[in-house]
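Data block below; observations after.
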Amino acid sequence: TPLSPDQHTTASRLSTLFHLTQSTTPYILVISIEALLRRVMTPKLLQDHAELIMEGEECDLSELQSSLISMGYESVSLVKSYGDFSVRGGVVDIYPPPFYLPDGTLLDSPIRLDFFGDFIESIKPFDPLSQRSQGRCEEAVILPVSDIVLPVHDPAALHQLSGRWLELAEERDWSSEKTHELGERIRSGRRFAGIEFFLPFFQSQQKTATILDYLPGACGVLLHEPEALSGQAALVHERIQTNYQSAVTHNQPAIDPDDLFIGLEQLSPCLERFEQFGITDFYADEVAPLTLKTSNHQLLKQEIAYSRKQHGLLKVLASQLDGWLERGDMVVIFCRSAQRCKNLAELLGRYDFTFQVLVPPLDLDRLDPPGERSVYLCENPLQNGFSLEEKGLHLVSESELFGERRIGYKKRASKPVGEPISFAQLQQGDVVVHREHGLGIYRGLETISLQQITNDYLLLEYRDGDKLYVPVDRLNLVSRYEGLSDKEPRIDKLGGQSWKTTKQKVSDEVWKVAQDLLDIYAQREIRNGRAFSPPGEFFRELEESFSFDETHGQYQAINDTISDLTTARPMDRLICGDVGYGKTEVAIRAAFKVVEDSSQVAILVPTTVLAEQHAKTFAERLRDFPVKISSLNRFRSAKEQKEIVAGLDEGSIDIVIGTHRLLSKDVCFNKLGLLIIDEEHRFGVAHKEKIKRFKAEVDVLTLTATPIPRTLQLSLLGIRDLSVISTPPEHRRPVKTFVARYDDLVIKEAVNRELLRGGQVFVVHNRIKSIHRMAQTVQKLVPQARIAVAHGQMAGNELEEIMVAFVNNKIDVLISTTIIESGLDIPSANTIIINRADRLGLAEIYQLRGRVGRSATQSFAYLLVPSVDHLSKDSRERLKALMEYNELGGGFKLAMSDLQIRGGGNLLGVSQSGHIAAIGYDLYLDLLQKTVADLKAQKSGQTPSGSSEDLDPEINLKVSAYIPESYIADIEQRYIMYRRIAQQSRTTVDDDTDLREELADRFGALPDEVTNLFEVVAIKKAMVPLRIEKLERGPGNLVFSFMADTPVKAEQLLALVAENTNRLRLTPDSRLIVRTDQENNQLLFNTIALIIAELRTLTEEHVH
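Residue numbers (the numbering used here): 6 to 1109.
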């Protein structure tokens, strides 16, 4: 097979196998039939390859690196997932499979080894998101992350393996070109895709084993439906044999299935070693049924469901609690988090109940009654409770009250490393914009030593070969050039006047655009909207019935939205959240709040399928509340549509979810209060004009994962309110994305792999004329798959039937156009193949990719193109952006990238593309934001505050202030750190301790040069508000150069100089010269800090 198993799955499996060899405590192991049949390395071999490392022990770093590569680890600059490792001087980061610490705690995170010479000084687990260490452990176990352990430290062994490989290839008649390529990789100790499927070849000297060989003899084996096991095993063998025959037909390297999986005849003898139990769904007459003395809460659930719409669930629950407590019974309610316990206590407190919170683990036999009208609350994820009447004990789960719980969100307090919105990193040869000198070409990061002073500089090349060396503390002045077309920009002449002229011309035009933007803002501010009432008890019940714990971002987005609704100012909020991050819940709560106040809600979606899915989601979520929901789209008959339109006019329908059909002239609302727009970028210009008509009258909430550029621009400029939901659901993993040349074998393997794990596949082919031909190709490649075709020209009913069949898992592979881009939410669909991805836009591909990866299963996206070499520059940029923003939460970053690729030239209908091309998008947006802020300040009678932001003081103290290559070897990581340190001069936070600690944690103790760099940036930050444009160190003195608009009062400064003529002098051109003979760098920095503090006392605010 050309595809390797998922790294996460392999690491988890090897972790489990290893701990089976170590554990002496009882455990439960759940095994699929395929895992039972698979051959694996023997327990002894796995134990031999496991590396135990301990604090204080001696460890050869080069041997450790060699061992890691042997076990399948890959050297990377930033450790993020299983199998990654990074060496930075004396700091080594490794992400091994999960292992147990001596105290029995399972450690499932990467570890950081700090070396002192050849000794391991410390072992620290760390967060892969923030890269910060979390605590310390005395030892760690490093397991292989691949079934194949290559002897990379032994060239002779590799040479022998390569020779045997070529012999086997000749014997099996494998394709010579492919065989020799893989043979060369083996000879050089490099892995290839699918190497794990050649386990018997690489372990020919040792026997293989099965998972049963890892189990102790005293283990009991519970077989689910034992009669069906042999049939299931036969199906597995049939699929594997089909794949093997296909590889043989194409002369592809493949190992006989009998060497990879045990046969049916071997399974029974293997199982006979264990005591076996059978469990079946079918009742056998000869077996006496087990009678339980407990009763469930089905009756309570039915009563809640029946009376909730009239009275709310709390009255029903309070009544039931009263009944139990009057009998002297004890009640424990289980909530899935401490916050939910607190919320429930607050809600039920209105009915005069008191609460005691229990801390797990619970011993119910020793639990004392909590007191009169008192109930126990406990944080526990119990799904279903029960009553034990004879003991007077009632356990009630939160899901029985508020509904079933789905996978929750992982609470992540940490922030990802790097910039929150990071544009692509600079590459040599990129065009950059220097704010003072114009457009140049980036030629790399250079280290220059002069008179024993060493520093790093960005080398920029200008017209006629002129060079500019930019100190790293002035990185804020440089940004990557992003225009709006493929046309190469004109490089400026260093020291010429053209850049100043261009910049001034653009600034004048920006002023006009800013005025237009503010006019829109002002009109919105003066318009009167409706203020809805604050949330009441029904709203709180809706909150509690949410099946997840809200993430911080989601909680904030909900609060922002409800706050907007309860004020008189018209709402126009954009909710930006990645696919599946919980935007719909924000919409549901906003809609409920509006309906609660007797107004209607219209939800506008781009496709019929999405309208249907939203209708089901809203109906399910609001089923226990008196809310009438309808869906208006082409799936509805003419009669149904007519009834819905009449219901909207009469006011009998509270929430309507529809496509652009909602924008038709015949649709009138009785009392529309809120318009929710999902994926606005999917609507055409004509529809957007009609949407504007609605916006003038009602509150508007827009949901999107990839905002259209203009929308995002206005959000960033503060004209439109923006809420970002950036936390992924728990266990969610990024979609692994591959760009590949179209190949039938890639499609075959990708589909087969997904079907083998019981999943479903999307194949996107955006040409209706040839879509059925594509379906025939896939059917021929995967004959066992159930395949269907879906596209927008089908009859509504036919399309709906196909979509419903796919949702209900009656179809394995859906061949469709981009109609699936927004709408389908199918956790079992975890592979998507997009044909001719080069023809689709970035936002389209991103949304399509979001159709998979909606569960904890690793998902895959294959972007097929005719030939990577022949792609247009624009297509390459889009696909590159998708690869770059492969991590979770990339939608917002991707929109920033799309903003640049698609360009944001049309602001308010005024073409700005020429001006953006002249100075670059980054600088253009900065100028616009600053001008908008200045105009706002002027109109409110304040002094524009943005003036200090355009000052980047020049500092030359003749000290080495840079990041040595020996400290951070990876140039990309070094550049990112330079950016982050330089940005310290722009933040409002005075303390840089956090960043210093992060550097020390990740890369080791800070060298003097890095400490100096932090000091220089801190000085620069202090200079900006005083409008000091330059600080130089001369022989025996420091020279401060002031700008004309410095807030330092001239008469106060003259008085200070007059009092200190022995050390201070003021020149006619506003330069302050301070005599100092400090040679020690730290004393020099302290002296400068004291001078700046003294100058600060001479500003107007201190003088008065």
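All residues carry an ideal CB built from backbone N, CA and C; glycine is no exception. What you are looking at is a predicted structure, and each value in this text was computed from that prediction instead of being measured.
Look at the Cβ atom of L387, then the Cβ atom of F339, and state whether they are nearer than 8 Å.
Against a cut-off of 8 Å, the Cβ pair of F339 and L387 comes out as a contact.
Secondary structure of V45, DSSP reduced to three states:
In the structure shown, V45 sits in a strand (DSSP, three-state: E or B).
Let me make sure I understand the geometry here. Which of R1007, L956 and F1090 has the alpha-carbon closest to that of A1049?
Nearest C-alpha to A1049: L956.
Pick out whichever of A866, Q1057 and R844 has its Cα sitting closest to the Cα of L853.
Of the residues A866, Q1057 and R844, the one whose Cα lies closest to the Cα of L853 is A866.
Using C-beta distances below 7 Å, list every residue in its chain close to G423, excluding the 5 sequence neighbours before and after it, in chain order.
Only weak support exists for where G423 lies, its pLDDT of 41 falling under 50; the coordinates are left without a value.
Nearest to L450 by alpha carbon, out of T1066, P1030, D1006 and A974?
Cα-wise, what sits closest to L450 is A974.
Taking the C-alpha atoms as reference points, what is the distance between I200 and D11?
Rounded to the nearest angstrom, the two C-alpha atoms are 12 Å apart.
Can you tell me whether DSSP reads H692 as helix, strand or coil?
If DSSP states are grouped into helix, strand and coil, H692 belongs with the helices.
For the beta strand (DSSP E) that E590 lies in, which residues bound it at each end?
No beta strand (DSSP E) holds E590; the alpha helix (DSSP H) holding it covers K588 to E601.
Considering only C-alpha positions, which residue in the set S402, H164 and Q208 is nearest to V1146?
Beyond the ends of the chain as shown, which are 6 and 1109, falls residue 1146; an answer cannot be given.
Opposing strand residues paired with R1038 [DSSP bridges]
R1038 is bridged to L1043.
Within 10 angstroms of the Cβ of Q863, are there 16 or more other Cβ atoms? Answer buried if so, exposed if not.
By the 10 Å Cβ count, Q863 comes out buried.
Of the choices A527, I593, R1101 and A842, whose alpha-carbon is the least far from that of I567?
Looking at the Cα atoms, I593 is the closest of the given residues.
If you follow the beta strand (DSSP E) that H439 is in, where does it begin and where does it stop?
For H439, the enclosing beta strand (DSSP E) covers residues V436 to H439.
Do you know offhand how far S965's Cα is from F203's?
Distance between the alpha carbons of S965 and F203 is about 54 Å.
Keeping to the same chain, check which residues put their C-beta closer than 7 Å to that of D654; ignore five residues upstream and five downstream.
Here the set comprises C673 and N675.
Check for me: the alpha helix (DSSP H) holding I245 runs from which residue to which?
From DSSP, the alpha helix (DSSP H) with I245 extends over P231 to T254.
Straight-line gap, T1110 to D261 (C-alpha atoms, nearest Å)
Past the edges of the chain, shown from 6 to 1109, lies residue 1110, and the structure says nothing about it.
Mind checking whether D671 and I608 have CB atoms under 8 Å apart?
Result no, Cβ atoms of D671 and I608 do not sit closer than 8 Å.
Tell me which residues share the same chain as D435 and place their Cβ nearer than 6 Å to its Cβ, disregarding the 5 neighbours each side in the sequence.
Excluding sequence neighbours, D435 sits near Y447 and R485.
Any 3 or more C-beta pairs closer than 8 Å across the segment 49-56 and the segment 235-253:
Cβ pair count under 8 Å is below three, so no.
Can V362 and L349 be called in contact, C-beta distance under 8 Å?
No; because the gap between Cβ atoms is not below 8 Å, this pair is not in contact.
Between N835 and G925, which are expected to be in contact by the criterion C-beta below 8 Å, what is the C-beta distance as a whole number of angstroms?
N835 to G925, Cβ: 40 Å. No contact.
Can you give the Cα-Cα distance for K415 and A162, rounded to whole angstroms?
Low confidence applies to K415: its pLDDT is 39, below 50, so where it sits in the model is not reliable, and the reading given next is rough at best. Here the alpha carbons of A162 and K415 stand approximately 45 Å from one another.
Using CA coordinates, which residue listed in F407, P149 and A1010 is at the minimum distance from L22?
Closest in C-alpha terms to L22, from the list F407, P149 and A1010, comes P149.
Residue interval of the alpha helix (DSSP H) (run including Y560):
From DSSP, the alpha helix (DSSP H) with Y560 extends over H557 to L570.
Please name the residue, chosen from V515, S135 and V157, that lies closest to A938 on a Cα-to-Cα basis.
Distance check between A938 and each of V515, S135 and V157 places V515 closest, using alpha-carbon atoms only.
R137: which of S404, V157, R1007 and R738 sits nearest, CA to CA?
Comparing C-alpha distances from R137 to each of S404, V157, R1007 and R738 shows the shortest one belongs to R1007.
Environment of I776 [buried if 16+ CB atoms lie within 10 Å]
Around the C-beta of I776, 16 or more other C-beta atoms lie within 10 Å, and the residue is accordingly described as buried.
Where does H302 fall in DSSP's three states?
Coil, per DSSP.
What does a CB cutoff of less than 8 Å around Q433 pick up in its chain, not counting 5 residues either side in sequence?
Hits under 8 Å: Y447, R448 and G449.
Please list, in chain order, all residues of the same chain as D749 whose beta carbon is under 8 Å from its beta carbon, the five residues on each side excluded.
Cβ within range, chain order: T782 and L786.
Starting from the C-beta of L367, find all residues in its chain whose C-beta is less than 7 Å away, skip the five residues before and the five after it, and write them out in chain order.
Result list for L367: C383, in chain order.
Since D119 sits in a beta bridge, which residues does DSSP pair it with?
Under the DSSP definition of a beta bridge, D119 partners with V96 and S127.
Determine the DSSP secondary structure at S37, reduced to helix, strand or coil.
Correct three-state label for S37: coil.
Let's test the definition: count the other Cβ atoms within 10 Å of the Cβ of V241 and tell me whether it reaches 16, buried, or not, exposed.
V241 should be labelled buried.
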